[in-house]
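24 is the number of the first residue of the sequence shown in my numbering; add one for each residue after it.
Data first, discussion second: the structure below is written as structure tokens.
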Amino acid sequence: MKRLIQRGLMFGNLIRVDSPALIERYNRALHSLAGKRTALSEFHIDISGFSPEIGEEFKDPLYLNPNGCNRQFIILTVDQKKAPLLNAMFSTSRGILRQFIADNEAKLFALTAHDAVAGELMNSVYDISDPSRLFDIRKIVIEADTTQSHVKNARELAEKIDHFQTAPNAWYDDDLIAEMIDLARETGDVTKVPVDLGVQEYEQGNFWTAHFGGLYVFRDVASPCVVVSGDKDRMERFPRLPVIDTTEPNRIASFLRKNDLVEPLVHERGAAGARILRQKMEFILVDAATSAGMELGDMSSRTLRHVAQRMGRNLPQAFHGLAALVRWAEAGGQWPRIDSRHPAYFYTLRARPDHPDRDLINRMLSELAPMDFRQLFICHKELFYASYATWPDEKREFVAEFLHRDYMANKAGARDKLFGGRKDALKVPTTTRKRTREQVIEMVGPWGAVKAGAVKGR
């Protein structure tokens, strides 16, 4: 993993903590949550306040996430909202934490000027040894306070101020006034700088969880189901929803179509779409070549073309499928028939850009197209890091260098092109005039047959 760390691809954007004052605040919060303190004089934290160095010190990577169920957090600075979430057990956790910090940024800024804020992403479930408990997780409730109870005291002071302003003769209550003065010394002027974080709720609808080997729970769609990573037989008693697994591409494709969750990565012929497909071909080629023990030379596109020529008939079918699609996209070939039985199928799809669960859908697609290491890195870092550890050394070098050079230089632009979001990214034809069947095929390429089949119920 050293290559990834050196290039900022692992543990990147973590917050450095090396101030004695901040370390003491962190220790007070850590003791209040877990009854522990760190002896380290320097460490880094993620968005939740988890530190990989402290996890190593405690020999416990879940010291802020007991049972992997109700994630606890420590906020030292609002800058943590830009940090990743390490050891995520639910796909929704980082988004909820980011939203919580954004919703309360001014209050958290004021609170963290004096103390650390500690809290928990709470639900009604404390143990997920049975998969049925996953369905009890609907709302995530966050309650947070500083170690010196600034929020609690501010709430109490606000109540006393309200009583002072509304109750008859409260102006003459010396004890009430003295209590308000004492609380104000701790909280400051809560009428001008409110610091009450309140109790906030966040929905958890469709989600991925690392529990039970990895599950995608889609319950808020027209045709719900659970998609299991690997063999579903280990989940034969999963309650309430149909269960399919990642070894059943036809059933997954049917599920995606029924719920209108995906669209073709490339909507029309042109160089922009072909360029992305060519990169995916390179990723597949590198995987096949390094697995066969072939050297990649200087790893340039020219050298990789020579590697492809040497491999010849040993190239994967997914490579040939994308090559046919490139020929179509560049207006020099016929449209290829690529359906869910073809190994290239999931490499040609992305989540609909306007779908609220597009990150979750793209995460699942990355698992179904694992040789596309760029999408795997962007959408499913847990699986990326686990896969990276098993790859040949030459592939690791290629992957680390490509992500550092081509992705990290313009992350936002790369995501827009791959997953949509910008108006100029792989434009969708907008004309609505009536078309012949041949014109439809020309427009949508190899997915024409798939969409036609979906309409007819096949």
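C-beta: ideal position from N, C-alpha, C; glycine also.
Fair warning: this is a prediction, and the values are worked out from it, not measured in the lab.
- Apart from the 5 residues on each side of it in sequence, S116 sits with its Cβ closer than 8 Å to the Cβ of S71, R94, L108 and L144 in its chain, given in chain order.
- When the five nearest sequence neighbours on each side are left out, the beta carbons in the same chain lying within less than 8 Å of the beta carbon of I267 are those of C248, V249, V250, V251, K255, R274, I275 and F278, in order along the chain.
- Just measuring C-alpha positions, the residue of Q302, L338, H137 and P191 sitting nearest A437 is Q302.
- In the structure shown, Y86 adopts coil according to DSSP, grouped into three states.
- Nearest C-alpha to R30 among Y430, A201 and H67: Y430.
- DSSP places H343 in the uninterrupted alpha helix (DSSP H) bounded by Q340 to A352.
- C-alpha of S314 to C-alpha of R428: approximately 23 Å in a straight line.
- Residue state for Q398 is assigned as helix, using DSSP reduced to three classes.
- Scanning the region 353–393 from its first residue to its last, the whole alpha helix (DSSP H) runs of 4-plus residues come out as 381–391.
- Secondary structure at T270: coil, using DSSP grouped into helix, strand and coil.
- Residue nearest to D219 within the set I165, W194 and R397 is I165 (criterion: CA-CA distance).
- The C-alpha of E271 lies about 47 Å from the C-alpha of Y49.
- Within the model, the alpha-carbon separation for V244 versus K281 is close to 9 Å.
- Contact annotation: the region 371–382 does not touch the region 408–423, with fewer than three C-beta pairs closer than 8 Å.
- A residue is called buried once 16 or more other Cβ atoms fall within 10 Å of its Cβ, and K59, having fewer, is exposed.
- Beyond the five residues adjoining it in sequence on each side, E390 comes within less than 7 Å, by CB distance, of S252, T269, H403 and L406 in the same chain, given in chain order.
- Contact between A367 and G344 holds: CB atoms are separated by about 3 Å, below the 8 Å threshold.
- Annotated as distal: L87 and A129, with beta-carbon spacing of 8 Å or more.
- When DSSP states are grouped into helix, strand and coil, L319 belongs to the coil group.
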